[in-house]
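Here the sequence shown is numbered in the numbering used here, starting from 18 and rising by one per residue.
For glycine and all other residues, C-beta sits at the position ideal for the given N, C-alpha and C.
This one's a predicted model, so the numbers in the text were calculated from it and none came from an experiment.
Taking it in order: structure first as structure tokens, then the write-up.
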Amino acid sequence: MYASLNYKFLKFLMSKVEFNKETGPREVFCGLTSIVWLHRRMPDAFFLVVGSRTCAHLIQSAAGVMIFAEPRFGTAILEEKDLAGLADAHEELDRVVNDLIARRPEIKTLFLVGSCPSEVIKLDLATVAEKLNKRFLGQVRFVNYSGSGIETTFTQGEDGALKALIPLMESSNEEKLLLVGTLANNVEDRFKKIFRNLGISNIESFPPRQSTELPKIGKNTKVLLTQPYLSDTVRDLKHRGCEIISAPFPLGIEGSTKWFLAAAKAFKINELKVHEIISPLINRAKLALESHKEILKGKRLFLLPESQLEISLARFLHNECEMDLIEVGTPYLNRDLMKEEINLLPDNTKIVEGQHVEKQLDRVRESNPDLVVCGMGLANPLEAEGISTKWSIEMVFSPIHGIDQAADLAGLFSKPLRRNQILTTKTLVTH
Ligand code: SF4
């Protein structure tokens with residue numbers, strides 16, 4: 018019965034918006050990029066990329082590492098002779114791991130992160146992790162996942178890392194709310210406070226703030242996603258018996274309100290109580306949004322696919338900031354996880370899954386948008402053509418979740434438009 022209802026709902030959504038699929042050349046960051054926010058989240062973990070010098074450069078420039086910092090990520094460099102099969106890449110990996118464990122006793126979990134080069138030479142990191150787990154038993158835990166650009170866009174790196182941790186999570190039938198997806202610590206604290214005020218006292222987060230403090234999970238674990246790009250993690254949590262709460266994502270006032278309401282419903286808490294607790298936040302947020310709305314209202318938005326946050330952002334920017342949506346790109350579309358979001362989009366929204374970057378850029382130029390949300394690699398050329406842009410990657414580095422962050426989220430989009438307005442006015446005055 019539930020399955021058939023779900024199917025009907027998905028069918029309804031398919032008719033409400035326009036779905037398209039595109040394949041071809043892509044222009045996105047790879048999954049290694051997610052190490053930048055994951056290593057901040059779990060300070061007792063280390064992320065060892067098994068890759069080339071290119072991978073090392075990417076991760077260092079993405080994280081802006083200072084030369085004297087003792088970072089919590091590094092690269093075991095595969096040299097040309099490794100890639101050509103003339104040397105045993107396992108030896109270099111062993112050497113780096115031994116050195117690391119000897120020097121850094123604070124490391125409790127070591128992620129071996131695969132890359133394009135390690136996949137091309139078919140380095141079996143799962144077996145490597147298994148052997149290292151035996152050797153360093155009781156001292157450090159090893160897990161592996163892939164951040165390769167062949168398979169992933171940048172947010173999928175987090176999906177891979179979380180999925181890799183699930184087998185380490187013990188079972189428990191205790192009832193709890195599990196927030197899944199990395200959040201800024203202060204945002205997480207505010208969410209937990211609201212849930213406690215609602216009467217939900219047993220709340221945990223995944224990933225946790227310490228890699229060794231993994232939550233226990235089971236059939237009474239109710240999972241509330243904070244990020245939309247965790248399809249593989251969700252599938253494995255379901256296999257462990259967890260219940261996934263269906264909700265939009267907590268971006269903006271609307272998404273966050275419905276997110277709290279969905280959690281309350283799962284815990285049989287009266288919806289009036291939710292409104293009572295979050296109303297003051299909503300009133301404040303609405304006021305704070307006004308100045309951004311003045312700039313964003315009526316502006317035409319084109320979202321290129323990169324982060325998988327695009328559908329939630331489009332919903333927020335249209336419904337709460339009154340922007341017009343030209344096209345909403347997303348690298349992957351999990352219709353089931355996104356159904357509540359899609360339902361909130363205006364009718365006839367054009368969603369494009371996948372990427373053919375040349376065709377998409379042609380459509381951007383033809384439609385002459387006021388703002389394009391895209392990857393860093395596309396932003397500069399578009400700006401040079403006079404098109405305002407916003408980097409998708411900023412959304413994962415900024416605390417944008419929750420009702421009280423709605424104005425800050427809108428500010429990320431109004432800022433480039435405001436800057437453009439000022440520049441245009443100055444140019445007009447000068448002439
Ligand atoms: S994993 Fe692949 S895409 Fe990412 S930096 Fe390394 S070579 Fe480039």
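Look at asparagine 161 here: in three-state DSSP terms it is strand.
For lysine 407, the enclosing beta strand (DSSP E) stretches over residues 405 to 408. The Cβ-Cβ distance between arginine 121 and isoleucine 312 does not fall below 8 Å. Assignment of threonine 441 by DSSP, reduced to helix, strand and coil, places it in the helix class. For serine 263, no alpha helix (DSSP H) run applies, since DSSP gives it neither H nor E. The set of residues with any CB-heavy atom separation to ligand 1 below 7 Å comprises, in chain order, Cys47, Leu49, Gly68, Ser69, Thr71, Cys72, Leu75, Ser132, Cys133, Pro134, Gly164, Ser165, Gly166, Ile167. Nearest in C-alpha terms to histidine 418, of all of Ser132, Pro322, Glu136, Leu330, is Leu330. Between the alpha carbons of lysine 356 and proline 265 lies a gap of roughly 8 Å.
DSSP places cysteine 47 in the coil class of the three-state scheme, outside both helix and strand. Short of 6 Å from the beta carbon of leucine 426, and not among the five residues preceding or following it, lie these beta carbons of its own chain, in chain order: Ile417. Excluding its 5 nearest sequence neighbours in each direction, proline 225 has C-beta neighbours in its own chain below 8 Å: Met59, Leu231, Pro232, listed in chain order. Within the same chain, Cβ atoms closer than 6 Å to the Cβ of alanine 283 are found at Lys239, Ile262, the five residues on either side in sequence being excluded. C-alpha of serine 296 to C-alpha of isoleucine 286: approximately 16 Å in a straight line.
When the alpha-carbon of glutamate 123 is set against those of Gly235, Ala146, Ala62, the nearest one is in Ala62. CA-to-CA, the gap between valine 251 and alanine 143 works out to about 21 Å. Per the Cβ contact rule, the region 158 to 170 is not in contact with the region 195 to 202 (fewer than 3 Cβ pairs under 8 Å). In this structure, serine 405 lies near proline 433, with their beta-carbon atoms less than 8 Å apart. As DSSP reads the structure, aspartate 341 sits in a beta bridge with Arg317.
In this structure leucine 254 touches isoleucine 234 by the C-beta definition: roughly 7 Å separates them, less than 8 Å. By the C-beta density criterion, histidine 256 is exposed, having fewer than 16 other C-beta atoms within 10 angstroms. Bounds of any alpha helix (DSSP H) do not take in isoleucine 94; it lies within the beta strand (DSSP E) bounded by 90 to 94. Unbroken beta strand (DSSP E) stretches of 3 residues or longer found wholly inside the region 53 to 80: 62 to 68, given in chain order.
In this structure, leucine 399 and phenylalanine 430 do not form a Cβ contact; the two beta carbons are roughly 15 Å apart against a cut-off of 8 Å.
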